[in-house]
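Going from the sequence shown to my numbering is simple: count from 1 and add 19.
Quick reminder that beta carbons are idealized off the backbone N, C-alpha and C, glycines included.
No experiment lies behind these values; they were computed from the predicted model shown.
In what follows, a single structure is set out as structure tokens and then discussed.
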Amino acid sequence: MDITRELAAFGLALPSDGDLTAHSPIDGSITGRLASSDATAAIDRAATAFTQWRDVPAPRRGELIRLFGEELRASQDALAALVTLEAGKITAEARGEVQEMIDICDFACGLSRQLYGLTIASERPGHRMSETWHPLGVVGVISAFNFPVAVWAWNFALAIACGDSVVWKPSEKTPLTALACQAIFERAAKRFGGVPAGLSEVILGDATVGAALVADPRVALVSATGSTRMGRAIGPIVAQRFGRVLLELGGNNAMIVAPSADLELATRAILFSAAGTAGQRCTTLRRLIVHESIQAELLSRVERAYSQIRIGDPRVAGTLVGPLIDRMSFEAMQSALARARTEGGTITGGSRVDVAGLDGGFYVKPALVRMPGQTAVVREETFAPILYAFSYTDLDAAIALQNDVPQGLSSCIFTTNLREAERFTSASGSDCGIANVNIGPSGAEIGGAFGGEKETGGGRESGSDSWRSYMRRATNTINYSTSLPLAQGIQFG
Ligand code: NAD
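Below, the structure is given as structure tokens:
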């Protein structure tokens with residue numbers, strides 16, 4: 020696939036030399052050849068940039084992000100087109116992903132005037148205590164293929180406003196969108212003037228390049244998004260050097276549908292959250308836990324909706340489900356379906372779909388699998404459009420099932436019963452980082468803190484007070500008296 024024109028929109032030439040090949044999942048063809056980066060050199064530059072950037076007043080730093088947001092607005096369609104080519108998202112979702120970048124820029128710009136610390140009552144006369152939030156250092160961002168630009172932006176916009184420099188290792192499956200993001204940022208930096216070289220670095224390559232970022236003690240925070248396998252590999256390495264991690268790992272998200280639910284609403288939510296993005300969101304709906312009294316009715320509605328989904332070229336208007344990222348992903352889906360069958364599942368859909376002219380792409384019918392219960396395969400995340408459905412009789416048991424998986428990212432309940440809704444969102448309800456009522460588990464807004472518990476890694480990024488991960492806290496005690504009282508009333512000498 021020739022993407023010369025799409026890259027030219029960012030002033031980029033088609034990269035044609037190097038050890039990495041970029042592909043488009045639309046037809047499986049090669050889109051470019053790129054060279055792996057030297058991570059250490061990039062960290063050197065970022066570490067130097069940090070020493071200058073941390074002293075720039077926070078509202079000025081916010082101004083740079085405001086300009087970046089403006090540039091993103093101007094490039095929204097061009098960047099979304101590249102996301103579609105490289106990650107296979109349909110145009111509407113790709114535009115939505117870039118919109119998230121714009122939204123977080125607005126948020127981070129406002130935040131740059133609100134990096135508040137507390138003033139704390141001192142127990143000693145003539146003393147004042149307060150806390151100050153300072154920039155942290157170099158932030159390493161490792162990102163997954165399925166949100167090739169938004170996840171970086173969630174980290175980047177906050178980190179820059181907080182006074183850090185950023186080194187980004189995008190997924191090896193989506194290097195070109197990363198280069199485009201850097202080009203957009205450079206436009207903003209040029210307008211701002213005086214941005215230190217190395218404030219934003221992109222390093223291309225596979226896990227070995229990421230590993231260099233993880234191991235380097237100058238990288239104060241490693242914010243990594245991807246599989247639980249990846250998090251398990253990098254977490255101990257960063258811990259060993261007492262660095263900070265922010266992990267955003269796999270999910271296994273559920274919806275409980277109660278007898279009082281609005282089934283029309285639930286069906287629409289299921290369609291978007293289970294089949295949308297070809298099942299390749301960390302928050303994709305993977306488990307449907309339905310009250311036995313409405314199971315037949317709901318599943319027949321879902322089947323009807325699934326039969327109308329248009330699967331194919333994500334660039335074409337009307338397509339709802341584009342390709343899987345690659346052959347490996349297709350094979351993982353088929354093997355999960357085979358296991359589901361041996362565990363008692365009855366499968367509708369799931370087979371490969373031929374799309375004319377796009378033979379090298381892996382297009383599939385989203386699968387709906389009726390399961391006898393929450394068997395072993397259901398407890399794993401398979402990054403493909405497979406929805407496992409099983410029934411419940413009692414809400415407590417349904418909540419226990421929702422929680423009885425290793426992952427803890429997103430969850431929801433569809434009910435019009437206030438007691439059930441409150442029970443689900445209470446301390447003894449869902450154990451996930453995201454617990455919704457009458458909304459599917461996917462498609463979060465940037466204003467809330469995003470992330471999950473257990474094997475999802477415990478990190479929170481984006482809105483609320485997630486910014487604190489990108490700063491260090493200093494407690495300051497100021498003595499403005501003429502004596503030196505010790506805390507706890509200690510007399511010494
Ligand atoms: P992946 O784990 O294969 O790769 C993610 C990134 O980690 C890539 O950049 C990869 O090069 C890098 N990496 C892998 N091993 C590494 C190592 N040992 N050291 C350093 N870097 C390493 O994931 P993927 O297939 O790109 O993405 C899909 C996964 O990401 C799914 O599990 C999905 O749930 C998860 N995800 C989670 C969130 C979230 O916010 N929780 C968001 C998006 C995706």
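Can you tell me the Cβ-Cβ gap for V170 and A163, rounded? I've got them flagged as a contact below 8 Å. Residue mapping note: residue 170 aligns to position 151 of the sequence shown, counting from 1. Residue mapping note: residue 163 aligns to position 144 of the sequence shown, counting from 1. Their Cβ separation, rounded to whole angstroms, is 7 Å, which keeps V170 and A163 in contact under 8 Å.
Rounded Cβ spacing between I222 and V214 (contact assumed at less than 8 Å): Stepping through the sequence shown from its first residue, residue 222 is reached at position 203. Stepping through the sequence shown from its first residue, residue 214 is reached at position 195. Not quite, the Cβ-Cβ distance comes to about 19 Å (not below 8 Å), so this is no contact.
Rounded to the nearest angstrom, how far is the Cβ of V102 from that of V168, given a contact under 8 Å? Translated into the one-based positions of the sequence shown, residue 102 becomes position 83. Translated into the one-based positions of the sequence shown, residue 168 becomes position 149. Right, their Cβ atoms sit about 6 Å apart.
So for S447, helix, strand or coil by DSSP? Stepping through the sequence shown from its first residue, residue 447 is reached at position 428. The answer is coil: DSSP assigns S447 none of H, G, I, E or B.
Does the segment 318-336 come within contact of the segment 271-281, defined as at least 3 CB pairs closer than 8 Å? no
Below 7 Å, is the gap between the Cβ of A163 and the nearest heavy atom of the ligand NAD? The residue you call residue 163 lines up with position 144 of the sequence shown. Checking every heavy atom of the ligand NAD against the Cβ of A163, one is found closer than 7 Å.
Between which two residues does the beta strand (DSSP E) holding C431 run? Locating residue 431 in the sequence shown gives position 412, where the first residue counts as 1. C431 -> beta strand (DSSP E) spans S429 to F433.
Give the single residue among Y411, G262, T296 and P342 whose Cα lies nearest to the Cα of A277. By 1-based counting over the sequence shown, the position of residue 277 is 258. Cα-wise, what sits closest to A277 is Y411.
If I follow the unbroken alpha helix (DSSP H) through V257, where does it start and stop? The residue you call residue 257 lines up with position 238 of the sequence shown. It spans T247 to Q259 - the alpha helix (DSSP H) in which V257 sits, taken as one unbroken run.
Which ranges does the beta strand (DSSP E) cover as unbroken runs of at least 3 residues, wholly within the segment 227-314, from first to last along the chain? 238-244, 263-267, 272-276 and 304-310
Identity of the residue in R398, E142, H153 and A41 nearest Q507 by Cα: Here residue 507 refers to the residue found at position 488 of the sequence shown. When each option's Cα is compared against that of Q507, the closest is E142.
State yes or no: is the C-beta of N174 within less than 8 Å of the C-beta of E480? Residue mapping note: residue 174 aligns to position 155 of the sequence shown, counting from 1. Residue mapping note: residue 480 aligns to position 461 of the sequence shown, counting from 1. A contact, by the Cβ cut-off of 8 Å.
Closest residue to G182 among R300, L83, A41 and A140 (Cα-Cα distance): Along the sequence shown, read from residue 1 onward, the residue named residue 182 stands at position 163. For G182, the nearest C-alpha among the options comes from L83.
Measuring CB to CB, does L343 end up less than 8 Å from A386? Within the sequence shown, residue 343 is the residue found at index 324, counting from 1. Within the sequence shown, residue 386 is the residue found at index 367, counting from 1. It is not a contact, given that the beta carbons lie outside the stated cut-off.
Which residue marks the beginning of the alpha helix (DSSP H) containing F349, and which one marks its end? Indexing the sequence shown from 1 puts residue 349 at position 330. That run of the alpha helix (DSSP H) goes R346 to T361.
Am I right that L134 and M490 are in contact with their C-beta atoms under 8 Å? What's the rounded C-beta distance? Working through the sequence shown from its first residue, we reach residue 134 at position 115. Working through the sequence shown from its first residue, we reach residue 490 at position 471. Contact between L134 and M490 holds, since their C-beta atoms are separated by about 7 Å, short of 8 Å.
Straight-line gap, K188 to E119 (C-alpha atoms, nearest Å): Within the sequence shown, the letter at position 169 stands for residue 188. Within the sequence shown, the letter at position 100 stands for residue 119. One C-alpha to the other measures close to 19 Å.
Those runs of the alpha helix (DSSP H) which lie wholly inside the segment 52-105 and span at least 4 residues: 58-72 and 77-93
Cβ of S190 within 7 Å of any heavy atom in the ligand NAD? Position 171 of the sequence shown, counting from 1, holds the residue named residue 190. Yes, the beta carbon of S190 sits closer than 7 Å to at least one heavy atom of the ligand NAD.
Classify T193 as buried or exposed, calling it buried when 16 or more other Cβ atoms lie within 10 Å of its own Cβ. Residue mapping note: residue 193 aligns to position 174 of the sequence shown, counting from 1. Burial call: buried.
Given this structure, state the Cα-to-Cα distance separating G262 from A468, to the nearest angstrom. Counting from one through the sequence shown, the residue named residue 262 turns up at place 243. Counting from one through the sequence shown, the residue named residue 468 turns up at place 449. Whole-angstrom Cα-Cα distance: 21 Å.
DSSP on M120, reduced to helix/strand/coil? In the sequence shown, residue 120 corresponds to position 101, counting from 1. In this structure, M120 counts as helix in the three-state DSSP scheme.
Tell me whether V244 counts as near the ligand NAD, meaning its Cβ is closer than 7 Å to at least one heavy atom of that ligand. The residue you call residue 244 lines up with position 225 of the sequence shown. As written in the sequence, residue 244 is Thr, which differs from the Val given in the question. Yes; taking the cut-off as 7 Å, the Cβ of T244 has a heavy atom of the ligand NAD nearer than that.
Using a Cβ-Cβ cut-off of 6 Å (strictly less than) and excluding sequence neighbours within five positions of F29, which residues of its own chain qualify? In the sequence shown, the residue the question calls residue 29 occupies position 10. If we look at F29 and ignore the five residues flanking it on each side, its Cβ neighbours are A199 and A202.
Measure the Cβ-Cβ separation of A216 and R64 and say whether it is below 8 Å. Taking the first residue of the sequence shown as 1, we reach residue 216 at position 197. Taking the first residue of the sequence shown as 1, we reach residue 64 at position 45. Cβ distance < 8 Å, so A216 and R64 count as in contact.
Pull up the DSSP beta-bridge partners for A408, would you. The count along the sequence shown starts at 1 and reaches residue 408 at position 389. Looking at the DSSP output, A408 sits in a beta bridge with L307 and R389.
If contact is defined by three or more beta carbon pairs under 8 Å, each pair taking one atom from either stretch, is the segment 72-81 in contact with the segment 120-131? yes
Run through the segment 170-207 for me and flag every whole beta strand (DSSP E) of 3 or more residues, listed as ranges in chain order. 184-188
Close-in-space but distant-in-sequence residues of the same chain around L265 (CB under 7 Å, 5 per side omitted): The residue given as residue 265 occupies position 246 in the sequence shown. Excluding sequence neighbours, L265 sits near L240, S242, G478, E480 and S488.
CA-CA distance, S292 and A463? Along the sequence shown, read from residue 1 onward, the residue named residue 292 stands at position 273. Along the sequence shown, read from residue 1 onward, the residue named residue 463 stands at position 444. Cα-Cα distance, rounded: 11 Å.
Excluding five sequence neighbours on each side, which residues of the same chain lie with their C-beta closer than 6 Å to the C-beta of A288? Counting from 1 along the sequence shown, the entry for residue 288 is found at position 269. Taken in chain order, the residues that qualify are G459.
Output the distance between the C-alpha atoms of I161 and S502, rounded to the nearest integer angstrom. In the sequence shown, residue 161 corresponds to position 142, counting from 1. In the sequence shown, residue 502 corresponds to position 483, counting from 1. If I take the Cα positions, the gap works out to 51 Å.
Endpoints, alpha helix (DSSP H) assigned at L377: In the sequence shown, residue 377 corresponds to position 358, counting from 1. Where L377 is concerned, there is no enclosing alpha helix (DSSP H), given that its DSSP letter is neither H nor E.
So what does DSSP say about K108, is it helix, strand or coil? Position 89 of the sequence shown, counted from the first residue, corresponds to residue 108. Correct three-state label for K108: coil.
Between D36 and G88, which are expected to be in contact by the criterion C-beta below 8 Å, what is the C-beta distance as a whole number of angstroms? Taking the sequence shown and counting its residues from 1, the one referred to as residue 36 is at position 17. Taking the sequence shown and counting its residues from 1, the one referred to as residue 88 is at position 69. 34 Å between Cβ atoms; not a contact.
Report the residue from G107, F443, F166 and P154 whose alpha carbon sits nearest the alpha carbon of G245. Locating residue 245 in the sequence shown gives position 226, counting from the first residue. The residue with the shortest Cα to Cα distance from G245 is F166.
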